[in-house]
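**Q** Structure below; questions to follow.
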Amino acid sequence: EDQVTQSPEALRLQEGESSSLNCSYTVSGLRGLFWYRQDPGKGPEFLFTLYSAGEEKEKERLKATLTKKESFLHITAPKPEDSATYLCAVQAGGNFNKFYFGSGTKLNVKP
Amino acid sequence: NAGVTQTPKFRVLKTGQSMTLLCAQDMNHEYMYWYRQDPGMGLRLIHYSVGEGTTAKGEVPDGYNVSRLKKQNFLLGLESAAPSQTSVYFCASSFPSYEQYFGPGTRLTVT
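If you read the sequences in order, they're chains A and B.
Straight run, no breaks: the first sequence in this note's numbering ends on number 111.
Straight run, no breaks: the second sequence in this note's numbering ends on number 222.
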């Protein structure tokens, strides 16, 4: 069964304290892995797409990496405005019309 | 360019009542999706559409119906609302196999 698990559920960091969020997945043939940011009361906002193991993408203080079983979202020197819930989603090769989402990691960055 | 819009933003229904949620996108996307988001469970796919006039079931379709009469619109209907359908509903759109763009969500409470 296709499944996506994110950890930790919640993460509290001090401003400038770097860390990583994890997304582990079991799918029948990964077609793509997506990272989104979701602010309270809003819809998810697209951040990155990763397609193959070894691939990396960067945007400002965020860097996403992908292995055959998991993806990491590295946050370098975070700022309070990085506080949000980060969602991971996978697109399985068996039915590329369907996306499976993890339950997210709620990040809180304190000044 | 409004992106993805959803109507209404909030709604309270009594058990057994019916309603329709409207999603509209102006990005000429082929694919559209309806998700529900519940605490601790992440986004779950209800129904999706790969083009005008076509719809398909997602992970949790029971109790919902959809229609895609025009490419830019995707409607989600609840024929007889139940308390278990209390949730936040998100619509999304995309080109095939690419990232999804989400609307702002509809918060539905069924009493």
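Every residue, glycine too, gets a C-beta built ideally from N, C-alpha and C.
1) Output yes or no for whether 8 Å exceeds the beta carbon distance between E141 of chain B and F206 of chain B.
2) I need the DSSP call for S160 of chain B, collapsed to helix, strand or coil.
3) If the cut is a Cβ gap below 8 Å, which residues of chain B does S103 of chain A touch?
4) Return yes when the Cβ of L73 of chain A is within less than 8 Å of the Cβ of L87 of chain A, no when it is not.
5) Could you check how far apart the C-beta atoms of G169 of chain B and S103 of chain A are, in whole angstroms? I think they sit under 8 Å.
6) If we cut at 8 Å on Cβ distances, does L156 of chain B have a partner in chain A?
7) Using DSSP's beta-bridge definition, name the partner residues of M138 of chain B.
8) If you measure beta-carbon to beta-carbon, which residues of the region 128-142 of chain B are closer than 8 Å to chain A?
9) Is the separation between the beta-carbon of H158 of chain B and that of T166 of chain B shorter than 8 Å?
10) Return the chain-ordered list of same chain residues with a C-beta closer than 8 Å to the C-beta of S52 of chain A, the five sequence neighbours on each side being excluded.
11) Any beta carbon of chain A sitting closer than 8 Å to that of E163 of chain B?
12) Using beta-carbon positions only, say whether L156 of chain B and F201 of chain B come within less than 8 Å of one another.
13) Find out if the Cβ-Cβ distance for the pair G174 of chain B, A203 of chain B is shorter than 8 Å.
14) Around the C-beta of L33 of chain A, are 16 or more other C-beta atoms found within 10 angstroms, so that it is buried, or is it exposed?
15) Taking the alpha carbon of D82 of chain A as the point to measure from, which residue in A:S71, A:R37, A:D2 has its own alpha carbon closest?
16) I'd like to know if Q303 of chain B contacts chain A, where contact means its C-beta is closer than 8 Å to some C-beta of that chain.
17) Give me the chain A residues within the contact set of F201 of chain B, using Cβ-Cβ distance strictly less than 9 Å, ordered along the chain.
**A** Concretely, from the data shown:
1) yes
2) strand
3) G151, M152, G153
4) no
5) Actually they do not touch by this definition, with Cβ atoms about 17 Å apart.
6) yes
7) DSSP, once it has assigned bridges, lists no residue as partnering M138 of chain B.
8) Answer in chain order: Y142.
9) yes
10) L66
11) no
12) no
13) no
14) With 16 or more other Cβ atoms within 10 Å, it is buried.
15) A:R37
16) In the structure displayed, chain B extends from 112 to 222; residue 303 of chain B sits before or after that span and is not available.
17) Here the neighbours are G43, P44.
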